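Engineer:
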Amino acid sequence: MDFKNLVLTEEDGIGIVTITREKALNALNTQTMLELQYLFTEYGQKWAVSGIVLTGAGEKAFVAGADIKEFLGMSAEGGSKMAQRGHDIFFAIERFPKPVIAAVNGFALGGGCELAMACHMRVAGENARFGQPEVNLGIIPGYGGTQRLIQYIGKGKAMELLMTADMIKAPEALQLGLVNHVVPAGEEIAKAKEILLKIASKGPVAIAKIIESVNAYFDEKQDGFAKEVNAFGETTGTSDFIEGATAFVEKRKANFKGN
Ligand code: DAK
8 MDFKNLVLTE
18 EDGIGIVTIT
28 REKALNALNT
38 QTMLELQYLF
48 TEYGQKWAVS
58 GIVLTGAGEK
68 AFVAGADIKE
78 FLGMSAEGGS
88 KMAQRGHDIF
98 FAIERFPKPV
108 IAAVNGFALG
118 GGCELAMACH
128 MRVAGENARF
138 GQPEVNLGII
148 PGYGGTQRLI
158 QYIGKGKAME
168 LLMTADMIKA
178 PEALQLGLVN
188 HVVPAGEEIA
198 KAKEILLKIA
208 SKGPVAIAKI
218 IESVNAYFDE
228 KQDGFAKEVN
238 AFGETTGTSD
248 FIEGATAFVE
258 KRKANFKGN
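In the working numbering, the protein residues as written are 8 to 266.
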């Protein structure tokens, strides 16, 4: 698949993915969703980067939602199908075995807020705005917003934001736990890269197992503690564990290979 709405670059071994529908405030149309699906399933398996920063083009928006113009006149059946595909894509991001950080450079509304929440972390610029305004359109969030928002900010505040459609600014998002860091506008990618570079010096298998184990807590089909037991066992069986422990004893920096 050719990328038309995503631009992929590499900096210091980190993948920077930019959604480039600036004129539509990077709204998620079908083509962009398909490209995200391809990126976080097939392409991402082979892409030799240690982590990914996901951002939006321009200074105004990360993603201002699903493309409202595209889903006008959608039937109930069409809506459910679209929601299922969206869930599959956002789960692929959430379960991606390398860290994914949203660099939120402006509006993150509706599907945009949901996209940021599917990433493992969020770095917001001071100008970022978050919200789930779907009720303004007579619909509810369809890409996991009713579930993931609770995970970050708790039930009461999630109920308020989901029902009022209020937008919150970056400092409040930080205080609520929705974002990890707030930085001056324009420095989101640099901060996200700084975090990813730190993670890149750790054992890649361990990082993948952290992602699996933390996600298991939120998956009712899994016992998170049992998952941790298994995942811990899998990390102790790696060459990286031998390297990490040996490096500690030899008082040097570990050189992990990812196996
Ligand atoms: N979709 C399409 N185009 C959008 C857009 C969007 N979400 N947001 C902005 N744009 C377009 C505008 O139409 C405008 O294009 P032109 O009309 O000039 O061609 C351009 O981007 C610039 O926007 P504005 O002129 O409105 O810019 P302002 O600075 O005045 O306002 C704003 C910025 C972000 C406050 C405003 O654009 C705005 O309110 N945008 C809509 C925000 C919103 O309601 N987003 C949430 C959409 S609901 C589903 C699953 C998920 C979803 C839906 C269905 N299924 C499974 C079925 C998700 C739904 C949502 O995300």
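Even glycine gets a Cβ: it sits at the ideal position worked out from N, Cα and C.
These numbers were taken from a predicted model, which means no experiment stands behind them.
#1: Taking V130 as the reference, give the member of M89, P178 and K260 with the closest Cα.
#2: Pick helix, strand or coil for H94, following the three-state DSSP scheme.
#3: At the level of alpha carbons, what is the spacing between A31 and A64?
#4: My output table needs one value for G119: the three-state DSSP class, helix, strand or coil.
#5: Counting pairs of beta carbons, one from the region 179-190 and one from the region 230-247, are three or more of them closer than 8 Å?
#6: Under 8 Å, with one C-beta from each stretch per pair, do the region 45-52 and the region 73-90 reach the 3-pair mark?
#7: Could you check which residue in I218, P140 and M81 has the C-alpha nearest to that of D173?
#8: From this set, E227, K216 and A252, which residue's C-alpha is nearest E235's C-alpha?
#9: Does DSSP put E66 in a helix, a strand or coil?
#10: Rounded C-beta distance between V111 and F69? I'm assuming under 8 Å.
#11: From the DSSP output, in three-state form, read off T245 for me.
#12: If I measure Cβ to Cβ from A109 and keep anything under 6 Å in the same chain, skipping five residues before and after, which residues do I get?
#13: With 16 as the cutoff for other CB atoms within 10 Å, does Q182 come out buried or exposed?
#14: Name, in chain order, the residues that DSSP records as bridge partners for I26.
#15: In angstroms, rounded to a whole number, what distance separates the CA positions of G118 and A233?
#16: Assuming contact is defined by CB atoms lying nearer than 8 Å, are D74 and L13 in contact in what I supplied?
#17: Taking 7 Å as the cut-off, is the CB of I206 close to at least one heavy atom of the ligand DAK?
#18: What's the gap between the Cα of F137 and the Cα of E250?
#19: Which of the three DSSP states, helix, strand or coil, is assigned to F137?
#20: When DSSP labels each residue in this structure, what does L32 get in the three-state scheme?
#21: F103 and E121 - do their beta-carbons sit closer together than 8 Å?
#22: Residues in the same chain with beta-carbon distance under 8 Å from V56, minus the five sequence neighbours each way, listed in chain order, please.
#23: At what residues does the alpha helix (DSSP H) containing M40 begin and finish?
#24: Please state whether the Cβ-Cβ distance between A254 and K260 is less than 8 Å.
#25: Does the beta-carbon of V3 have 16 or more other beta-carbons within 10 angstroms, so that it is buried, or is it exposed?
Structural biologist: Looking at the coordinates:
#1: P178
#2: helix
#3: 10 Å
#4: Three-state DSSP puts G119 in a helix.
#5: no
#6: No, because fewer than three Cβ pairs between the region 45-52 and the region 73-90 fall closer than 8 Å, the two stretches do not touch.
#7: P140
#8: Checking every option, the nearest Cα to that of E235 belongs to K216.
#9: Note: E66 maps to coil in three-state DSSP.
#10: 4 Å
#11: coil
#12: L61, A123, C126 and R129
#13: exposed
#14: L13 and G63
#15: 33 Å
#16: In this structure, the beta-carbon distance from D74 to L13 does not fall below 8 Å.
#17: I206: no, Cβ never under 7 Å from the ligand DAK.
#18: 42 Å
#19: strand
#20: coil
#21: no
#22: Excluding the 5 residues flanking it on each side, V56 has same chain C-beta neighbours closer than 8 Å at E17, G20, I21, G22 and K105, in chain order.
#23: T37 to Y45
#24: yes
#25: Outside the shown range of the chain, which is 8 to 266, sits residue 3, and nothing can be said about it.
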